[in-house]
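Q:
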Amino acid sequence: MEIRYATNPTDSKQYTTDKLRKEFLIEDLFVNGELNLVYSHHDRMVIGGAVPVSEPLKLEAGDALKTEYFLERREVGIINIGARGTVKVGGEEHSLEKQDCLYIGLGHEEVTFHSSDSSEPARFYLISSLAHKEYPTQKLAIENATPVEMGSAEECNERTIYQYIHEGGIKSCQLMMGMTLLKPGSIWNTMPAHIHDRRAEVYLYFDMSSNGRVFHFMGEPSETRHLVVSNEQVVISPNWSIHSGAGTSHYTFIWAMAGENYTFKDMEFVKMEDLR
Numbered sequence: 385m386e387i388r389y390a391t392n393p394t395d396s397k398q399y400t401t402d403k404l405r406k407e408f409l410i411e412d413l414f415v416n417g418e419l420n421l422v423y424s425h426h427d428r429m430v431i432g433g434a435v436p437v438s439e440p441l442k443l444e445a446g447d448a449l450k451t452e453y454f455l456e457r458r459e460v461g462i463i464n465i466g467a468r469g470t471v472k473v474g475g476e477e478h479s480l481e482k483q484d485c486l487y488i489g490l491g492h493e494e495v496t497f498h499s500s501d502s503s504e505p506a507r508f509y510l511i512s513s514l515a516h517k518e519y520p521t522q523k524l525a526i527e528n529a530t531p532v533e534m535g536s537a538e539e540c541n542e543r544t545i546y547q548y549i550h551e552g553g554i555k556s557c558q559l560m561m562g563m564t565l566l567k568p569g570s571i572w573n574t575m576p577a578h579i580h581d582r583r584a585e586v587y588l589y590f591d592m593s594s595n596g597r598v599f600h601f602m603g604e605p606s607e608t609r610h611l612v613v614s615n616e617q618v619v620i621s622p623n624w625s626i627h628s629g630a631g632t633s634h635y636t637f638i639w640a641m642a643g644e645n646y647t648f649k650d651m652e653f654v655k656m657e658d659l660r
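Numbering (this note's numbering), first residue to last: 385 to 660.
1. Give me the residue from Ala506, Gly631, Asp591 with the minimum Cα distance to Asn573.
2. Report the three-state DSSP secondary structure of Ser628 (helix, strand or coil).
3. Quick one: give me the first and last residue of the alpha helix (DSSP H) that Lys403 is part of.
4. In chain order, what are the residue ranges of uninterrupted beta strand (DSSP E) at least 3 long that sit wholly in the region 469-521?
5. State the DSSP-derived secondary structure class of Pro531, mapped to helix, strand or coil.
6. Mind checking which residues open and close the beta strand (DSSP E) that includes Thr564?
7. Exposed or buried, which one is Glu585 when buried takes at least 16 other CB atoms within 10 Å?
8. What number of angstroms, rounded off, separates the C-alpha of Phe497 from the C-alpha of Lys442?
9. Short of 8 Å in beta carbon distance, which residues of its chain neighbour Gly643, apart from the five on each side in sequence? Order them along the chain.
10. If you reduce the DSSP assignment to three classes, tell me which class Glu456 lands in.
11. Please identify the residue among Pro576, Asp658, Gln617 whose C-alpha is closest to the C-alpha of Gly433.
12. Tell me which residues share the same chain as Glu411 and place their Cβ nearer than 7 Å to its Cβ, disregarding the 5 neighbours each side in the sequence.
13. Using only the alpha-carbon positions, how far apart do Glu533 and Leu480 sit?
14. Does the separation of the CB atoms of Phe414 and Val435 fall below 8 Å?
15. Which residues in the same chain have their Cβ closer than 8 Å to the Cβ of Ala537, if we skip the five residues on either side of it in sequence?
16. In this structure, how does DSSP classify Ile526 when only helix, strand and coil are distinguished?
17. Pull up the DSSP beta-bridge partners for Asn573, would you.
18. Roughly how far, in whole angstroms, is the beta-carbon of Ala467 from the beta-carbon of Pro520, given that I think they are within contact range, below 8 Å?
19. Looking at C-alpha atoms only, which residue of Gly562, Arg543, Thr544 is the closest neighbour of Gly552?
20. For Thr394, count neighbouring C-beta atoms within 10 Å of its own C-beta (all shown protein chains included) and say buried if the count is 16 or more, exposed if not.
Here is the structure:
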């Protein structure tokens, strides 16, 4: 498990491009036959990618968590971005098609990832946060999720948002997780920008072409930076940072948050004239 320590806005003003990418961009999360995990000290989130091929992959605590098993004091949200696969929780199997979501609560010792076809493996993206009580394990298929339409063609940000784990959906301790699909011709996400000082956020960009890129904007509103992001790469956005992007072509992204607030009421929107 890779460890990423927390950062602050004063120091980040001095970062080079390489340093910015090292601190905030996860480039190689999805590798065939591997389960890769990154522990971020921003709200103690664990970000992972599991691509089981011929053998199942087990979610384990390793040495970093200092617990007997991964979900001893944690919860996890999982979205499949690949072909059909199965997540086994104890003796219970949960089949996930592409873009289906599964929440697993505190206290489950055995969690394994399986692909239905090794030639077309599942690609499980997972986000874990700390938990204080157990909520039921629950699957939400994309076909059963409620879409929220936002944006406009004129602003190049027409998009459909699926809120999987949140106050009005799958219940959790503090994890929130969802997915945003941009309409053809739309390239902008989360603009006008905002911050939420009591929770960090993580973006996974995927369903991009090999030549497609997202220019992800971050930093304090008065002094922004950008990351050039490729397919299936992840951006860690600290609580003091905006998180917004524009793509060279079509893309989809999964957003996840954990922190002090469990609703969307703490967002502080930034006026366009205040962005620098």
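Ideal placement from N, C-alpha and C gives every residue a C-beta, glycine not left out.
Source: prediction; values computed, not measured.
A: Once the coordinates are examined:
1. Gly631
2. In the structure shown, Ser628 sits in a strand (DSSP, three-state: E or B).
3. 401-408
4. 469-473, 476-480, 485-488, 495-499, 508-514
5. strand
6. 560-566
7. buried
8. Approximately 6 Å between the Cα atoms of the pair.
9. Closer than 8 Å at Cβ, skipping near neighbours: Asp427, Gln558, His580, Arg582, Arg583, Ala584, Asn623.
10. helix
11. Cα-wise, what sits closest to Gly433 is Gln617.
12. Gln617
13. One C-alpha to the other measures close to 24 Å.
14. yes
15. The answer, listed in chain order, is Lys567, Gly569, Ser570.
16. Assigned with DSSP and collapsed to three states, Ile526 falls in helix.
17. Gly629
18. Not confirmed; about 27 Å, so no contact.
19. Gly562
20. exposed
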